[in-house]
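Engineer: For reference, each letter of the sequence shown is one residue, going 4 to 73 in our numbering.
For each residue, glycine too, the CB sits at the ideal point set by N, CA and C.
Note that the structure is a prediction, hence the values are computed from the model and not measured.
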Amino acid sequence: MKPDFKAMSRKELRAYILKHRDDDEAFYAYMDKLEAEATWVEFPAPKSIDDLKNFPELLEKYRQQRQGEL
């Protein structure tokens with residue numbers, strides 16, 4: 004019997020799919036959960052050297068967010 008993927012947290016579901024890599028249903032449930040809980044922000048591509056000046060700050064912010072998710 005398969006677990007209830009909708010009741011699992013994103014962290015629990017990730018751990019499950021890493022152990023059951025051939026379970027497509029779990030993978031799609033994880034992808035649906037990622038999309039539903041999306042917290043990322045899209046940034047336009049840099050257009051000049053000046054735009055790249057903010058890149059280290061954006062990268063650090065992204066890394067901090069990722070640490071909180073895992």
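How should Leu55 be labelled, buried or exposed, when 16 other C-beta atoms within 10 angstroms of its C-beta is the threshold for buried?
Structural biologist: Label assigned to Leu55: exposed.
Engineer: What separation, rounded to the nearest whole angstrom, lies between the Cα atoms of Ala41 and Arg24?
Structural biologist: Distance between the alpha carbons of Ala41 and Arg24 is about 23 Å.
Engineer: If we count the other Cβ atoms within 10 Å of its Cβ and call it buried at 16 or more, is Tyr65 buried or exposed?
Structural biologist: With fewer than 16 other Cβ atoms within 10 Å, it is exposed.
Engineer: In the DSSP assignment, find the alpha helix (DSSP H) that holds Leu55 and state where it starts and stops.
Structural biologist: From DSSP, Leu55 is part of no alpha helix (DSSP H); its letter is neither H nor E.
Engineer: Is the distance from the Cβ of Ala29 to the Cβ of Phe8 below 8 Å?
Structural biologist: Against a cut-off of 8 Å, the Cβ pair of Phe8 and Ala29 comes out as a contact.
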